[in-house]
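Undergrad: Sharing a structure, written as structure tokens. Questions coming.
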Amino acid sequence: MRILNIIFDLGGVIIDLDVQRTYDAFSRLLENEPMKIDSGYLRSSLQTDYEVGSIDSESFLAGLEGMARAGTSREDIVNAWNAMLLRLPQERVDTLKKLATKYRIFILSNTNELHEDYFERMAPGCEKLSDIFEAAYYSHRIACRKPDAEAFKIVMERSGLRPEYTLFVDDLETNIEAAKKMKLHTLHVRPGVEISEYFKNW
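Using the numbering used here, you'd call the opening residue of the sequence shown number 140 and step up by one each time.
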């Protein structure tokens, strides 16, 4: 296997993610507090539309404000939405910078404008996280999400990548399987294992 290119997911791979923190935060803010706030509730058309750029941040936040308790501020909602984004350790930044000297590295992430604004400032010693990579493909900018085949096609075509020389790194089995269908090599990141462990001999 000869790898020239590496496509990374962000959440759960590069950035520590705890989606439950956002569910819990919204449970406190939204009007129907007794209802369990979980992935089925938040992954509504509102979030999906936001994640593929069909609506902007103003429309997304206005939609959430319409469900919020009286007295909830816009800042409260933004903070709750970003609560899932935890940390990006220096060790991971160092690993990515090292890989970037030998490989073409990319991001392919299901994300949105508010999260992008937040996580781009998380990388220690970098003005922007995406500066480490040759290119970053965010779902809200390319108008499609993993595991849709179109998301992978956009990365491959725009960056001129051949699947036989490309490794895709993600923490979700559904995305890994989708990448395999596109003939990409894959690495399924497991909980608690640092990416530096996977790439220590690269």
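By construction, the Cβ of each residue, glycine as well, lies at the ideal position given by its N, Cα and C atoms. Being a predicted model, the structure only gives us computed values, none of them experimental.
What three-state label does DSSP hand residue 331 in the structure shown?
TA: The three-state reading of DSSP puts residue 331 in coil, since its state is none of H, G, I, E or B.
Undergrad: Since residue 142 contacts residue 306 with CB under 8 Å, what's their CB separation in whole angstroms?
TA: 5 Å
Undergrad: Could you give the distance in angstroms between the alpha-carbon of residue 318 and the alpha-carbon of residue 334?
TA: 19 Å
Undergrad: When the Cα of residue 261 is compared with those of 168, 241, 232, 341, which residue comes out closest?
TA: 232
Undergrad: Contact between the segment 261 to 273 and the segment 288 to 295: three or more CB pairs below 8 Å?
TA: no
Undergrad: Could you give the uninterrupted runs of the beta strand (DSSP E) lying entirely in the segment 268 to 327, keeping only those of 3 residues or more?
TA: Segments of the beta strand (DSSP E) lying fully in the segment 268 to 327: 274 to 277, 305 to 309, 324 to 327.
Undergrad: Between which two residues does the alpha helix (DSSP H) containing residue 218 stretch?
TA: 213 to 221
Undergrad: Three-state secondary structure (DSSP) at residue 167?
TA: helix
Undergrad: Quick check on the burial criterion: 16 or more other C-beta atoms within 10 angstroms. Buried or exposed for residue 225?
TA: exposed
Undergrad: Name the DSSP beta bridge partners of residue 262, please?
TA: Its beta-bridge partners do not exist; DSSP assigns none.
Undergrad: Is it buried or exposed, residue 243, if we count other Cβ atoms within 10 angstroms and call 16 or more buried?
TA: buried
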